[in-house]
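Which chain is which? The protein sequence lines are A and B, in order.
UniProt numbering puts the first residue of the first sequence at 1, with every later residue one more than the last.
UniProt numbering puts the first residue of the second sequence at 1, with every later residue one more than the last.
For glycine and all other residues, C-beta sits at the position ideal for the given N, C-alpha and C.
On a predicted model such as this, the values are computed, not experimentally measured, just so you know.
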Amino acid sequence: MSTACPECESPVQPPGDARVSELIECPGCRSELEVIALTPIALALAPDPEEDWGE
Amino acid sequence: MTGSIAGPAGVALLASRIRADDKRILAALERRRIPVEHVDTRRLTFSAQAVGAPWRLVLNREISATRARYAAHCLEHAGVLVVNSAAATDVCADKWLTTLALRREGVPTPRTSLALTPEAALRELDSFGYPAVLKPLTSSWGRRVSLLREPDAARAVLEHCAALPSPQAQLIYLQEYVEKPGRDIRVVVIGGRPVAASYRVAVDDWRCNVALGALSLPCPVTPELAKVAMAAAGAVRSDIAGVDVIEDGDGELLVLEVNHNVEFSGMQQAHGDRIDLAEELADHLLTRYGEQP
């Protein structure tokens, strides 16, 4: 099921095995998007990386 | 404890963002028929009075080092087995504490110093020598890691450090710059066993972080590499560890750091179907899960 990018409204097709909190890239504007719900699929702009993020 | 607790799952994978590695781990655990759920760290709160949690084991994959550390302590306080442990996460999340732990156990590292102010760092560099590498204590992916080739560059970088608002940014971690063959080595150690290694070959950068575009290529786990990687993971008491190793001009292996929240997509791609790191990790978690009462 596709949905619209919250940034540019391009259609975005998350993978079939998408999980909540997974990150995907909008094919239209290259924004990093976070899957925030699965049924129905909902996307939000992913938060910017913070100083203490990493491995 | 409150948050997105969906039920009495046996294992929780704690993460505020699900990376490809995390999806592979979740799938590998599900194939083993362990009750597993993803728990979004951003939604959790903990009560100091509460004892008990709905999971027997938590795999801590939180991307924020601060949240990872505090979540690990809270969960252990509630009686949950956390992998990696809070103590290991504390050490690995701080490069200086990692260096101290490695040195205590006799693990070879490059020469390293900590200056408690940027001004002290500039004075220290007179005797420490150039080139030197300045690293933030808590950052990852090579961010703000600076190569100081001479005093003018050091002065400029240290002025920027002094202007940063975080008190921790005023602590200056200095490491000897080791001439390397354009690459370093990442070894994944799981349960004390070096499972796989990859060369990380720098591309258009002196740093070898995959996040900065370095290429991952398969690396054989030689007995020497296995020995130093196991010693490093043991020194920081890390159940699952990404050990970064550098080869100096004499071929000696030196440990740069140990990562507690290992990203292994690059290494997995490098090894193809010869090894499955998510499966290895799930096997280890299954063992630890079985050890719990």
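- prompt: Residues of chain A with CB under 8 Å from B:HIS38, in chain order?
  reply: The residue given as residue 38 of chain B occupies position 38 in the second sequence. ARG19, VAL20 and SER21, listed in chain order.
- request: Can you grab the Cα-Cα spacing for the pair B:PRO35 / B:VAL11, in whole Å?
  value: Here the question's residue 35 of chain B lines up with position 35 in the second sequence. Here the question's residue 11 of chain B lines up with position 11 in the second sequence. C-alpha separation (whole angstroms): 6 Å.
- prompt: Taking the alpha-carbon positions, what's the B:PRO118 to B:GLU124 distance?
  reply: Taking the first residue of the second sequence as position 1, residue 118 of chain B is located at position 118. Taking the first residue of the second sequence as position 1, residue 124 of chain B is located at position 124. Looking at the two C-alpha atoms, the distance is approximately 10 Å.
message: 8 Å is my cut-off, CB to CB: does B:ILE63 come that close to chain A?
response: The residue you call residue 63 of chain B lines up with position 63 of the second sequence. With 8 Å as the cut-off, B:ILE63 counts as an interface residue toward chain A.
query: Which chain B residues sit within Cβ distance under 8 Å of A:GLU34?
result: Along the first sequence, read from residue 1 onward, the residue named residue 34 of chain A stands at position 34. Going along chain B in sequence order, the residues near A:GLU34 (Cβ under 8 Å) are ARG17.
task: Return yes when the C-beta of A:LEU38 is under 7 Å from any heavy atom of the ligand SAM, and no when it is not.
output: With respect to small molecules bound, the structure shown includes none, and the ligand SAM cannot be examined in it.
query: What is the DSSP secondary structure of B:ARG193, reduced to helix, strand or coil?
result: The residue you call residue 193 of chain B lines up with position 193 of the second sequence. Reduced to three states, the DSSP call for B:ARG193 is strand.
- request: For chain B, find out if any of its Cβ atoms is closer than 8 Å to the Cβ of A:PRO27; answer yes or no.
  value: Numbered from its first residue, the first sequence carries residue 27 of chain A at position 27. Chain B contact via Cβ: absent.
query: Which one of B:GLN292, B:GLN170 and B:LEU75 has the shortest CA to CA distance from B:ALA48?
result: The residue you call residue 48 of chain B lines up with position 48 of the second sequence. Closest by alpha carbon: B:LEU75.
message: I'd like to check one pair, B:GLY242 with A:GLU50: are the Cβ atoms closer than 8 Å?
response: Your numbering for residue 50 of chain A matches position 50 in the first sequence. Your numbering for residue 242 of chain B matches position 242 in the second sequence. No, these two residues do not count as a Cβ contact at 8 Å.
- prompt: What span of residues does the beta strand (DSSP E) with B:ALA12 cover, start to end?
  reply: Stepping through the second sequence from its first residue, residue 12 of chain B is reached at position 12. Run containing B:ALA12: 11-14, per the beta strand (DSSP E) assignment.
- request: Kindly list the residues whose CB is nearer than 6 Å to the CB of B:ASP205, restricted to its own chain and excluding five residues on each side of it in sequence; keep chain order.
  value: If you number the second sequence from 1, residue 205 of chain B lands on position 205. Contacts found: LEU212.
- prompt: Whose Cβ in chain A lies nearer than 8 Å to the Cβ of residue 366 of chain B?
  reply: A question about residue 366 of chain B goes unanswered here, because the residues of chain B that appear run from 1 up to 293.
query: Going along chain A, which residues have a C-beta under 8 Å from B:SER146?
result: Sequence index remark: in the second sequence, residue 146 of chain B carries index 146 (1-based). Simply none; closest approach about 15 Å.
query: Is the CB-CB distance between B:LEU254 and B:VAL189 below 8 Å?
result: Your numbering for residue 254 of chain B matches position 254 in the second sequence. Your numbering for residue 189 of chain B matches position 189 in the second sequence. No, the pair does not count as a contact, with Cβ atoms beyond the cut-off.
message: Taking the alpha helix (DSSP H) that B:VAL157 belongs to, which residues open and close that run?
response: Position 157 of the second sequence, counting from 1, holds the residue named residue 157 of chain B. Counting along the chain, the alpha helix (DSSP H) containing B:VAL157 begins and ends at 151-163.
Cutoff 8 Å: A:GLY54 Cβ touching any chain B Cβ: As a first step, residue 54 of chain A is located in the first sequence; it is residue number 54 there, counting from the start. At least one chain B Cβ lies under 8 Å of A:GLY54.
field: B:GLN292 classed as buried or exposed, judged by whether at least 16 other C-beta atoms fall within 10 angstroms
entry: If you number the second sequence from 1, residue 292 of chain B lands on position 292. By the neighbour-count rule (16 or more Cβ atoms within 10 Å), B:GLN292 is not buried but exposed.
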